[in-house]
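S.K.: I have a structure I would like to understand better, so I am pasting it below and will then ask my questions one at a time.
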Amino acid sequence: MKGGNDWWRHAVVYQVYPRSFADSDGDGMGDIPGLISRLDYLADLGVDAIWVSPYYTSPLHDGGYDVADYRSIDTRLGTMDDVDALIAQAHARDIRILMDIVPNHTSSEHPWFRELLASEPGSPAWDRYVVREGTGPGRETPPNNWRSVFHGRGWSHVRTADGQPTGYWYLHLFDTTQPDLNWDNAEVHAEFRAILAFWFDRGIDGFRIDVAHGLVKEAGLPDFDYPATDTETPAMFDEDVAHAPFWDQDGVHAIYREWRAVADTYDPPRIFCGETWVPNAARMARYQRPDELHTSFNFIYLEAGWDAARMRTSIDETIANHAQVGAPPTWVLSNHDVVRHRTRMAPLDVDGTRDLDRGLRRARAATLFTLSLPGSMYIYQGEELGLPEVVDLPDAARQDPAWHRSGGTDGTRDGCRVPIPWSGDVASYGFGTGAASWLPQPADWAGLSVDAERGSTGSTLELYREALRIRRDAPSLGEGPLAWLDSADNVLAIRRSAPAGDVISVINLTDAVLHLPHAWGTEVLVASSEDVAVLTTGDDVALAIGPETAVWLGATS
Ligand code: GLC
Ligand code: MG
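For what it's worth, this note's numbering labels the leading residue of the sequence shown as 34, then goes sequentially.
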């Protein structure tokens, strides 16, 4: 396959949230046959790989991140034969495939948790999860003060078959239906090594690791001194609490060394990308040491938002820290847990609503600039169409467990999971065979469908296709050196060099037209907006680019 064993060092990986991608059987839920039927679209878009969010058997209390059986497929999403076909069909198009593995917790419907509930305290089945006796009278107080990322307390009673609370509590850093596994238990280690091998043997190219920084808890499970401002908020996405006794513990690294050894026995070697919410680039690079994970999501860059100074600092720190461990950086602007970047980057209007036109303009510029950074890039389904976050879902439609646990004050992750519009003027816009979709689609998405944008000059889809095509062919893009060029405030400009020719990438984050130095030339490879003009002053020919615009320029070294 294209790219050889180092494909992941510079890949563009497309995240598929399978329930929301394409529905083949009209039940309103996307499925694996639907995804297979759209692989030609992904090949045409020009991605190197797909990462598919979980499709294992699951009660779907957290969108499939609550796995009841790691070796079977949820019947609503497909069959094992479908997955085999997906792998073969993706590979036939030179697209690699990453699955999602969820090792921090299982579903409470996993046979292991059921076995725990059916056996006596202290039996081996109990040691696979984090279970402790409660404190205080009647052991009615949880073992410590840890909270759930999805709000409320992080512990629930172990209950008897008839629903009576025992004096024991199980830890769940997420929903009550997601009990945390005990990674001090050898059987847990052995089981996950076997699950990795099971899927590697079927031909997948690697795994994205869910909550990769959370598996190991500090010995003794000490109380955490929550920051005063953080009375109820999720601890995972917050810098202040990144050093909590349940995140980023040194012990997690031994697990990934074990996993790397499994991946390296395969030919070609399989790869990992960790979901590591850590406070800084130095902590992050520890996961990329040569005998650990190949890559991790760079959320520090995602969190920099539309802010030139923060973007630049995060780029510098990421590159410097990854260089120390010999790993390529990764970049990501959207995924299934965060507000879509078109909406996130949109400035607020005077009336407090977001200006989504400028949001799209900024998102396109940010994406184009990000695609010129060294390393690999993750894009999330629908961002190539310029989809905004859906902010007005009816409460009754919402499924994010954090929405319910927070009494509707948080947990708005459904807004980025609304099914993709493919064609036509009315819902489900070709997502399924009829109108049904598990989350309702907005009435005004016809113009954002794949059919509407494909071949339409200036569409976001065509911008992504063009950028990906150029990136694939340009030897200076992907992994390799980056040099900063002098630029005005709120402008970032870099040179990516290769003997075959350089690319200069510029993003103008200001509200004003920006005149580029004439030494940078006028060979525009691709631009995020139409506002690019060649200006001639005497003998000088130079480019001017509009506000909130990014361009790639061909340049000689
Ligand atoms: C990760 C997933 C998220 C899920 C959580 C618990 O953050 O990306 O969707 O809810 O882990 O598994
Ligand atoms: Mg379906």
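Note that CB positions come from ideal geometry on N, CA and C, so glycine has one too.
Closest to P312 by C-alpha separation, out of S520, D258, E336, would be which residue?
M.R.: Working through the sequence shown from its first residue, we reach residue 312 at position 279. Nearest option by C-alpha distance: E336.
S.K.: Leaving aside the five residues before and after E495 along the sequence, list all residues of the same chain whose C-beta is less than 8 Å from its C-beta, in chain order.
M.R.: The residue given as residue 495 occupies position 462 in the sequence shown. Once the five neighbours on either side are set aside, the close Cβ partners of E495 are E486, R487, G488, S489.
S.K.: Sort L326, D208, A430, A55 by Cα distance to F240 and report the nearest one.
M.R.: Here residue 240 refers to the residue found at position 207 of the sequence shown. Per the Cα distances, L326.
S.K.: Name the residue from R322, D160, L393 whose alpha carbon lies nearest to the alpha carbon of L481.
M.R.: On the sequence shown, position 448 is the one that residue 481 refers to. Of the listed residues, the one whose Cα sits closest to L481 is L393.
S.K.: Could you spell out the range, first to last residue, of the beta strand (DSSP E) harbouring S189?
M.R.: Position 156 of the sequence shown holds residue 189. Note, S189: beta strand (DSSP E), 188-192.
S.K.: Count the other CB atoms within 10 Å of the CB of R129; is the residue buried (16 or more) or exposed (fewer)?
M.R.: Position 96 of the sequence shown holds residue 129. By the 10 Å Cβ count, R129 comes out buried.
S.K.: How big is the Cα-Cα spacing for P475 and V567?
M.R.: Here residue 475 refers to the residue found at position 442 when the sequence shown is read from its first residue. Here residue 567 refers to the residue found at position 534 when the sequence shown is read from its first residue. C-alpha separation (whole angstroms): 40 Å.
S.K.: Between the Cα of G579 and those of S189, D133, R391, spot the shortest distance and give me the residue it belongs to.
M.R.: In the sequence shown, counting from the first residue as 1, residue 579 sits at position 546. Out of S189, D133, R391, R391 has the C-alpha closest to the C-alpha of G579.
S.K.: For T266, which residues of its own chain have a beta-carbon under 7 Å away from its beta-carbon, when the five flanking residues on both sides are left out?
M.R.: Working through the sequence shown from its first residue, we reach residue 266 at position 233. Because the pLDDT at T266 is just 43, under 50, the model does not fix this residue reliably, and the value given afterwards should be weighed accordingly. Closer than 7 Å at Cβ, skipping near neighbours: no residue.
S.K.: CA-CA distance, V574 and V559?
M.R.: In the sequence shown, residue 574 corresponds to position 541, counting from 1. In the sequence shown, residue 559 corresponds to position 526, counting from 1. Using only the alpha carbons, I get a separation of about 18 Å.
S.K.: Any beta-carbon of chain C closer than 8 Å to the one on G196?
M.R.: Going by chain labels, chain C is absent from the structure shown, which holds only one protein chain.
S.K.: Could you tell me whether any non-hydrogen atom of ligand 2 is closer than 7 Å to the CB of M410?
M.R.: Here the question's residue 410 lines up with position 377 in the sequence shown. Incorrect: M410 has no Cβ contact closer than 7 Å to ligand 2.
S.K.: Can you round the beta-carbon distance between F257 and Y299 to whole angstroms, since I take them to be within the 8 Å contact cut?
M.R.: Here residue 257 refers to the residue found at position 224 when the sequence shown is read from its first residue. Here residue 299 refers to the residue found at position 266 when the sequence shown is read from its first residue. The Cβ separation is near 39 Å, so there is no contact.
S.K.: Starting from the C-beta of M378, find all residues in its chain whose C-beta is less than 7 Å away, skip the five residues before and the five after it, and write them out in chain order.
M.R.: Counted from its first residue, the sequence shown places residue 378 at position 345. Excluding sequence positions up to five before and after M378, its CB lies within less than 7 Å of the CB of G338, W339, G392, R395, A396, A399, all in the same chain and listed in chain order.
S.K.: What does DSSP give as the partner residue(s) for I453 in the beta ladder?
M.R.: By 1-based counting over the sequence shown, the position of residue 453 is 420. In the DSSP output, where bridge partners are listed per residue, I453 has none listed.
S.K.: Pairing CB atoms from the stretch 48-57 with CB atoms from the stretch 66-81, are three or more of them under 8 Å?
M.R.: Taking one beta carbon from each stretch, the stretch 48-57 and the stretch 66-81 have 3 or more pairs nearer than 8 Å; the two touch.
S.K.: Given that a residue counts as buried once 16 or more other Cβ atoms are within 10 Å of its Cβ, and exposed if not, what is D263?
M.R.: Taking the sequence shown and counting its residues from 1, one reaches residue 263 at position 230. Unreliable placement is indicated for D263, whose pLDDT of 49 sits below 50; no coordinate value is reported for it.
S.K.: Which residues does DSSP pair with R541 in a beta bridge?
M.R.: Along the sequence shown, read from residue 1 onward, the residue named residue 541 stands at position 508. It is worth fixing the name first, because residue 541 is Asn in this sequence and not Arg. Within the DSSP secondary-structure output, N541 pairs in a beta bridge with V524, T582.
S.K.: Which residues mark the beginning and the end of the alpha helix (DSSP H) in which A165 is found?
M.R.: What you label residue 165 is simply residue 132 of the sequence shown in a count that begins at 1. Correcting the residue type first, residue 165 is Arg in the shown sequence and not Ala. Careful: R165 lies outside any alpha helix (DSSP H), inside the beta strand (DSSP E) at 164-166.
S.K.: How about D535 and R528: do their beta carbons lie closer than 8 Å?
M.R.: Taking the first residue of the sequence shown as 1, we reach residue 535 at position 502. Taking the first residue of the sequence shown as 1, we reach residue 528 at position 495. A contact, by the Cβ cut-off of 8 Å.
S.K.: Can you tell me whether H276 is buried or exposed, with buried defined as 16 or more other CB within 10 angstroms of its CB?
M.R.: Here residue 276 corresponds to residue number 243 of the sequence shown, with the count starting at 1. Classification for H276: exposed.
S.K.: Does G237 come out as helix, strand or coil in the three-state DSSP assignment?
M.R.: Residue 237 sits at position 204 when you count from the first residue of the sequence shown. The residue asked about is misnamed: residue 237 is Ile in this sequence, not Gly. I237 falls in the coil class under three-state DSSP.
S.K.: Could you compute how far the alpha carbon of L229 sits from the alpha carbon of N523?
M.R.: On the sequence shown, position 196 is the one that residue 229 refers to. On the sequence shown, position 490 is the one that residue 523 refers to. Answer to the nearest angstrom: the Cα atoms are 45 Å apart.
S.K.: Give the DSSP-derived three-state secondary structure of D349 in the structure shown.
M.R.: Translated into positions along the sequence shown, residue 349 becomes position 316. Annotated three-state conformation of D349 is helix, per DSSP.
S.K.: Tell me V4's beta-bridge partners as DSSP assigns them.
M.R.: Because the chain here runs from 34 to 590, residue 4 falls outside it and cannot be looked at.
S.K.: If I'm right that G448 touches L426 with Cβ under 8 Å, what's the distance once you round it to whole angstroms?
M.R.: The count along the sequence shown starts at 1 and reaches residue 448 at position 415. The count along the sequence shown starts at 1 and reaches residue 426 at position 393. The beta-carbon separation of G448 and L426, rounded to 6 Å, stays under the 8 Å limit for a contact.
S.K.: Measure the CB-CB distance between R502 and G79 and report whether it falls below 8 Å.
M.R.: For the purposes of this step, residue 502 is taken as the residue at position 469 of the sequence shown. For the purposes of this step, residue 79 is taken as the residue at position 46 of the sequence shown. Yes, the pair counts as a contact, with Cβ atoms nearer than the cut-off.
S.K.: Measure the C-alpha to C-alpha separation of G467 and R373 and round it to an integer number of angstroms.
M.R.: Numbered from its first residue, the sequence shown carries residue 467 at position 434. Numbered from its first residue, the sequence shown carries residue 373 at position 340. Whole-angstrom Cα-Cα distance: 26 Å.
S.K.: Beta-carbon separation of Y334 and I348 under 8 Å?
M.R.: The residue labelled residue 334 in the question sits at position 301 within the sequence shown. The residue labelled residue 348 in the question sits at position 315 within the sequence shown. Their beta carbons are under 8 Å apart, which means Y334 touches I348 by this criterion.
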